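Residue numbers (my numbering): 19 to 407. We put the CB at the ideal spot given by N, CA and C, even for glycine. Since this is a predicted model, take the numbers as computed values, not measurements.
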């Protein structure tokens with residue numbers, strides 16, 4: 019069975035007649051996913067008559083088909099680690115019976131494609147995002163979930179989080195959705211639903227074990243710059259949400275001096291620190307007027323650029339499909355939002371961002387090079403480009 023032509027597949031085993039005639043390899047979902055699908059309240063045994071959450075079927079356009087293709091070829095998330103086959107083979111099948119998941123796929127893909135090409139796709143991206151959020155909220159309100167319902171919800175949550183990371187104004191939504199992914203994962207595990215996704219922390223580090231061998235060493239000059247920048251911020255951190263994140267950033271920087279492997283685990287712990295904040299602390303930390311938070315987050319994104327050669331191991335054999343341009347946008351936006359008199363605390367994050375832009379343009383950066391991938395996406399872009407202004 020091919021997932022792109024399910025309406026032409028009789029789903030007979032070991033291979034359907036149509037696939038055999040067209041000389042197409044006929045692959046069925048694994049027993050785990052098929053069992054989950056068949057147990058879902060939204061499952062239809064008829065491959066033609068799908069179930070829609072809305073009263074009338076949604077008509078998808080040719081652009082939507084392009085976005086779906088882009089998702090399969092380039093845009094599918096690299097997290098949770100070790101779940102590439104789930105994103106490529108099982109999530110599309112589950113989306114056939116969960117309309118909001120399909121909207122999440124298309125919305126994320128549109129934002130990703132706009133980031134890569136500069137095409138004006140934000141209207142399409144937001145349209146699908148809103149429908150995905152509405153559908154997800156409706157699915158969350160259902161008291162009894164069975165079968166693949168958990169995978170549909172979690173897949174949509176991850177897709178919405180990734181999409182937010184590609185949006186210039188998506189910072190608050192990004193961290194909110196990252197927290198949501200963790201909370202939802204915990205809830206679904208408690209419900210003991212059959213899941214296609216591998217979700218546990220043990221799963222993550224099991225898949226990462228071999229990928230973290232022979233890690234590159236980060237330039238000591240970069241590490242010193244990160245340390246000096248963060249040390250300047252320390253006196254400003256007087257409330258728990260600031261002191262906690264400062265401590266995690268400082269531990270990560272110190273870990274880089276000792277071991278790239280240790281640096282990876284410490285960097286992951288920064289996300290955990292944000293995820294584990296109380297709702298009140300998180301609201302304070304993410305307040306649009308919280309200048310100290312903006313400075314800490316900018317340092318976090320700059321540090322992410324510095325340790326990119328380590329973190330990129332999460333992509334395994336895949337070519338990293340998401341340029342680091344999104345972090346440059348976020349640093350730039352955060353710098354614009356700091357109060358007067360605090361600009362000097364943004365100097366190092368902005369210097370790292372400028373170094374990446376200069377390197378991408380083929381110039382010698384003023385700071386040691388920060389390796390990035392997909393340089394071709396930056397052709398003709400200069401640090402004076404209005405996008406970085």
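Pairwise C-alpha distance: residue 251 and residue 481: This structure does not reach residue 481, given that the chain is present from 19 up to 407, and the question cannot be answered.
Is residue 364 closer than 8 Å to residue 313 when the C-beta atoms are compared? Here the question's residue 313 lines up with position 295 in the chain shown. Here the question's residue 364 lines up with position 346 in the chain shown. In contact: residue 313 and residue 364 (Cβ atoms closer than 8 Å).
Unbroken alpha helix (DSSP H) runs of length 4 or more, entirely within the stretch 82-125: which are they? Counting whole runs of 4 or more residues, the stretch 82-125 contains the alpha helix (DSSP H) stretches 109-113.
Integer-rounded CB distance, given that residue 211 should sit under 8 Å from residue 163: In the chain shown, counting from the first residue as 1, residue 163 sits at position 145. In the chain shown, counting from the first residue as 1, residue 211 sits at position 193. Confirmed, about 6 Å.
What would DSSP say about residue 259, mapped onto helix, strand or coil? Sequence index remark: in the chain shown, residue 259 carries index 241 (1-based). Helix.
The alpha helix (DSSP H) that contains residue 195, what's its start and end? The residue labelled residue 195 in the question sits at position 177 within the chain shown. Per DSSP, the unbroken alpha helix (DSSP H) holding residue 195 starts and ends at 189-209.
Could you give the DSSP three-state label for residue 226: helix, strand or coil? Taking the chain shown and counting its residues from 1, the one referred to as residue 226 is at position 208. If DSSP states are grouped into helix, strand and coil, residue 226 belongs with the helices.
I think residue 325 touches residue 236, with their Cβ atoms under 8 Å apart; what is that distance to the nearest whole Å? On the chain shown, residue 325 is found 307 positions in, with the first residue counted as 1. On the chain shown, residue 236 is found 218 positions in, with the first residue counted as 1. Cβ atoms of residue 325 and residue 236 come within 8 Å of each other, at about 6 Å.
At a cut of 8 Å, does the stretch 224-239 reach the stretch 128-140 through at least three beta carbon pairs? Using a Cβ-Cβ distance cut-off of 8 Å, the stretch 224-239 and the stretch 128-140 are not in contact, since fewer than three pairs of beta carbons, one from each stretch, lie closer than that value.
What are the boundary residues of the alpha helix (DSSP H) that residue 147 is part of? For the purposes of this step, residue 147 is identified with residue 129 of the chain shown, where counting begins at 1. Counting along the chain, the alpha helix (DSSP H) containing residue 147 begins and ends at 140-158.
Mapping the DSSP letters down to three states, classify residue 343 as helix, strand or coil. As a position in the chain shown, residue 343 is number 325, starting the count at 1. Taken through DSSP and simplified to helix, strand or coil, residue 343 comes out as helix.
Per DSSP, what kind of secondary structure is residue 317 in: helix, strand or coil? Against the chain shown, residue 317 aligns to sequence position 299. Residue 317: helix per DSSP, three-state reduction.
For residue 333, the nearest candidate out of 90, 257, 80 and 94 (CA to CA): Numbered from 1 along the chain shown, position 315 holds the residue referred to as residue 333. Relative to residue 333, the option among 90, 257, 80 and 94 whose CA is nearest is 94.
Can you say whether residue 335 is buried or exposed, counting buried as having 16 or more other CB atoms within 10 angstroms of its CB? Here residue 335 refers to the residue found at position 317 when the chain shown is read from its first residue. Classified as exposed, residue 335 has fewer than 16 neighbouring CB atoms from the shown chains inside 10 Å of its CB.
Residue from 370, 227 and 194 whose Cα sits closest to the Cα of residue 300: Here residue 300 corresponds to residue number 282 of the chain shown, with the count starting at 1. Selection 370, 227 and 194 evaluated against residue 300 yields 194 as nearest (Cα-Cα).
Following the continuous alpha helix (DSSP H) through residue 236, name the residue where it begins and the one where it ends. Position 218 of the chain shown holds residue 236. From DSSP, residue 236 is part of no alpha helix (DSSP H); its letter is neither H nor E.
Specify the secondary structure class of residue 214 as computed by DSSP and reduced to three states. The sequence position of residue 214 within the chain shown is 196, counting from 1. Shown here, residue 214 sits in coil according to DSSP, grouped into three states, outside any helix or strand.
Proximity to residue 269 [Cα-Cα], best of 249, 254, 256 and 257: Walking along the chain shown from the start, residue 269 turns up at place 251. Out of 249, 254, 256 and 257, 249 has the C-alpha closest to the C-alpha of residue 269.
Quick one, which of 368, 277 and 97 has its alpha-carbon nearest residue 179's? By 1-based counting over the chain shown, the position of residue 179 is 161. Taking only the C-alpha atoms, the option nearest residue 179 is 97.
Residue-level contact to chain D via CB, residue 361, 8 Å cutoff: No chain D appears in the structure shown, which is made up of a single protein chain.
Rounded C-beta distance between residue 177 and residue 122? I'm assuming under 8 Å. Taking the chain shown and counting its residues from 1, one reaches residue 177 at position 159. Taking the chain shown and counting its residues from 1, one reaches residue 122 at position 104. About 4 Å separates the CB atoms of residue 177 and residue 122; that is less than 8 Å, so the two are in contact.
How would you call residue 183, buried or exposed, if buried means at least 16 neighbouring beta carbons within 10 angstroms? The residue labelled residue 183 in the question sits at position 165 within the chain shown. Under the 10 Å beta carbon count, residue 183 is surrounded by 16 or more other beta carbons and is classified as buried.
Residue span of the alpha helix (DSSP H) that contains residue 167, given as start and end: Within the chain shown, numbered from 1, the residue matching residue 167 stands at position 149. Its alpha helix (DSSP H) spans residues 167-184.
Quick check on residue 344: buried or exposed, where buried means 16 or more other Cβ atoms within 10 Å of its Cβ? If you number the chain shown from 1, residue 344 lands on position 326. With 16 or more other Cβ atoms within 10 Å, it is buried.
I need the straight-line Cα distance from residue 310 to residue 294, nearest angstrom please. Position 292 of the chain shown, counted from the first residue, corresponds to residue 310. Position 276 of the chain shown, counted from the first residue, corresponds to residue 294. One C-alpha to the other measures close to 19 Å.
Within this structure, are the beta carbons of residue 229 and residue 331 separated by less than 8 Å? Along the chain shown, read from residue 1 onward, the residue named residue 229 stands at position 211. Along the chain shown, read from residue 1 onward, the residue named residue 331 stands at position 313. Result yes, Cβ atoms of residue 229 and residue 331 sit closer than 8 Å.
Buried versus exposed call for residue 257 [16 or more other C-beta atoms within 10 Å across all chains shown]: As a position in the chain shown, residue 257 is number 239, starting the count at 1. Taking every protein chain shown into account, the CB of residue 257 has fewer than 16 other CB atoms within 10 angstroms, so this residue is exposed.
The alpha helix (DSSP H) enclosing residue 278, as first and last residue numbers: The residue labelled residue 278 in the question sits at position 260 within the chain shown. Start and end: 278-293.
Residue 328: first and last residue of the uninterrupted alpha helix (DSSP H) it sits in: The count along the chain shown starts at 1 and reaches residue 328 at position 310. Unbroken alpha helix (DSSP H) run through residue 328: 326-329.
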